[in-house]
Structures are given as structure tokens and as C-alpha cells.
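Just so you know, numbering that gives the first Met the number 0 puts 189 at position 190 of the sequence shown, and the rest follows in order with no gaps.
Heads up, the beta-carbon is just placed ideally off N, CA and C, and yes, glycines get one too.
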Amino acid sequence: MQVVENSEQILFGKISDLIEQSRRAIYNHASSITIRMFWEIGKHINEDILENKRADYGKKIVSQVATQLTDRYGRTYETRNLRRMIQFYEQFPNFEIVSQVATHLSWSHIVEILPLKTVEAKLYYMSEASRGLIGRDGMRIMINRKAYERREIADTQISELSPIPPGTFKDPYLLDVLGMKDEYLEYDLETAILRELEKFIKIMNHIATTRDSIMPL
Numbered sequence: 000m001q002v003v004e005n006s007e008q009i010l011f012g013k014i015s016d017l018i019e020q021s022r023r024a025i026y027n028h029a030s031s032i033t034i035r036m037f038w039e040i041g042k043h044i045n046e047d048i049l050e051n052k053r054a055d056y057g058k059k060i061v062s063q064v065a066t067q068l069t070d071r072y073g074r075t076y077e078t079r080n081l082r083r084m085i086q087f088y089e090q091f092p093n094f095e096i097v098s099q100v101a102t103h104l105s106w107s108h109i110v111e112i113l114p115l116k117t118v119e120a121k122l123y124y125m126s127e128a129s130r131g132l133i134g135r136d137g138m139r140i141m142i143n144r145k146a147y148e149r150r151e152i153a154d155t156q157i158s159e160l161s162p163i164p165p166g167t168f169k170d171p172y173l174l175d176v177l178g179m180k181d182e183y184l185e186y187d188l189e190t191a192i193l194r195e196l197e198k199f200i201k202i203m204n205h206i207a208t209t210r211d212s213i214m215p216l
């Protein structure tokens with residue numbers, strides 16, 4: 000009887016794993032198609048309506064189309080979200096730039112990065128979320144913690160001769176461990192990080208110098 004129960008559990012475990020893996024694959028595939036579709040919608044609106052430079056006319060048409068789409072396909076196509084699709088296309092007119100990093104992302108991820116100032120920051124957060132399979136809420140936390148900005152400032156202080164490789168400070172939690180707390184961000188992010196980072200780099204360089212001096216020739 001015990002053998003039968005063990006066999007059932009093994010079979011159940013294998014089938015469960017297969018179902019979960021398939022669900023994730025279906026979800027990722029559907030999300031990728033959705034993101035591409037929304038980019039295409041933004042592209043059509045830009046090229047067919049907004050390129051004529053008549054802003055008032057363009058807004059009116061977009062609003063009217065949004066009403067019709069919402070009636071047929073649901074609230075996803077309300078004016079506000081159509082404008083996001085327009086932004087998405089304007090910020091990434093070449094979809095290939097985001098096609099790889101968007102593999103494991105949803106449209107909710109894209110909405111979070113649209114307000115960011117630089118393409119580099121947008122791609123960074125998308126790449127990190129995709130690579131780490133981080134959900135929308137997790138990405139929002141990363142953005143609120145200014146993970147990209149903090150990493151950039153830290154990396155600029157690493158000299159070519161430093162034993163610390165660039166990218167060491169990409170993890171915002173590591174910056175916290177080094178004493179670079181979030182409250183610094185409220186008044187002077189750069190000064191606070193540079194001050195604390197300088198202390199750390201001096202220590203690391205001293206350790207490297209000491210290590211090299213005692214190594215046998």
C-alpha cells in the first residue's frame with residue numbers, strides 16, 4: 000500500500016510540475032504578445048493620427064476610438080491606457096530594443112517605467128525585473144528605492160585601478176548594508192552616497208594593497 004501511495008505522489012508531483020511550467024510558459028507568451036500588440040497600437044495612433052501635428056484633433060480622435068474599443072473589448076482600451084501605448088511607442092520606436100527584456104514582463108511592468116526620465120533607467124528596471132522574475136510590485140519598490148540612480152552614482156566612483164568591479168553596487172540592498180540609507184535620498188542622494196562609498200573604497204583598496212604586498216613574487 001505504501002508503494003502505491005509513493006508512486007501516486009511521485010506521479011502527482013511530476014504532473015503538477017508540468018502544469019505549473021506550462022502555465023508560466025503560456026502566461027509569458029501571452030504577456031509578450033500583449034506588450035507587442037500595445038506597442039503596435041501606439042505606433043498606429045502615432046503614425047495615423049498624431050503625425051499631422053493637430054493636437055486637438057488627435058486627442059479628439061483618440062478619445063472617440065477609445066470609447067468604441069472600450070465598448071467592444073473592455074476597459075483596457077480606455078483613453079488613459081491608449082495614451083500609455085502612445086508613450087510606449089514614442090519612447091521605444093524600435094521594438095527590438097525592448098523585445099528581449101520584456102520576455103517575462105507584463106503590461107503593468109511597462110506602465111511603471113513609462114514616467115522614468117531616461118531610456119537607460121527604463122531598460123535597467125525592465126531587465127532586472129525580467130531576469131529576476133520580479134512582479135510589478137517588486138519593480139515599483141526598486142524604482143522607489145532608486146536602485147538605478149544609486150548604482151550609477153556608486154559605479155562612477157570606482158577607478159580603473161580599483162579592485163572593485165563595476166556593477167558591484169547594482170543591488171540597492173548592498174548599498175543599505177554599507178550605510179547608504181533611503182533617508183539620504185530625501186535631501187542629498189549623491190553627496191551621501193559618495194561620502195559613504197569613499198570610506199568603503201578606501202578600505203577595499205587598502206586590503207588589496209596589503210594583499211599584493213605580502214604575495215610572494
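Where does residue i fall in DSSP's three states?
| i | result |
| --- | --- |
| Gly-137 | helix |
| Ile-9 | helix |
| Arg-61 | Residue identity differs from the one stated: residue 61 is Val in this sequence, not Arg. Val-61: helix per DSSP, three-state reduction. |
| Thr-102 | coil |
| Arg-150 | helix |
| Lys-116 | coil |
| Phe-37 | helix |
| Ile-48 | coil |
| Asn-93 | coil |
| Lys-121 | helix |
| Arg-144 | coil |
| Leu-17 | helix |
If the criterion is Cβ atoms closer than 8 Å, does the pair residue i and residue j meet it?
| i | j | result |
| --- | --- | --- |
| Leu-68 | His-103 | no |
| Ser-62 | Thr-78 | yes |
| Met-125 | Val-100 | yes |
| Asn-45 | Glu-89 | yes |
| Glu-119 | Met-141 | no |
Evaluate residue i with the Cβ neighbour count: other Cβ atoms within 10 Å of its Cβ, from every protein chain shown; 16 or more gives buried, anything less gives exposed.
| i | result |
| --- | --- |
| Met-36 | exposed |
| His-28 | exposed |
| Gly-12 | exposed |
| Leu-231 | A query on residue 231 cannot be resolved here, the shown segment of the chain reaching from 0 to 216 and no further. |
| Glu-39 | exposed |
| Ser-30 | buried |
| Arg-150 | buried |
| Glu-148 | buried |
Let me check understanding here. Comparing Cα to Cα, which of the options lies closest to residue i?
| i | options | result |
| --- | --- | --- |
| Glu-91 | Ile-32, Ser-126, Arg-144 and Lys-121 | Sequence check: residue 91 is Phe here, not Glu. Taking only the C-alpha atoms, the option nearest Phe-91 is Lys-121. |
| Leu-115 | Lys-59, Arg-83 and Ser-21 | Arg-83 |
| Lys-42 | Ile-32, Ile-109 and Gln-86 | Gln-86 |
| Gly-134 | Lys-58, Tyr-72, Ile-40 and His-108 | His-108 |
| Ile-25 | Tyr-123, Ser-105, Leu-113 and Ile-9 | Ser-105 |
| Thr-34 | Arg-130, Tyr-147, Ser-21 and Phe-94 | The amino acid at residue 34 is misidentified as Thr; the sequence shows Ile. Ranking the options by Cα distance to Ile-34, first place goes to Phe-94. |
| Ser-129 | Arg-149, Val-97, Gly-73 and Tyr-147 | Val-97 |
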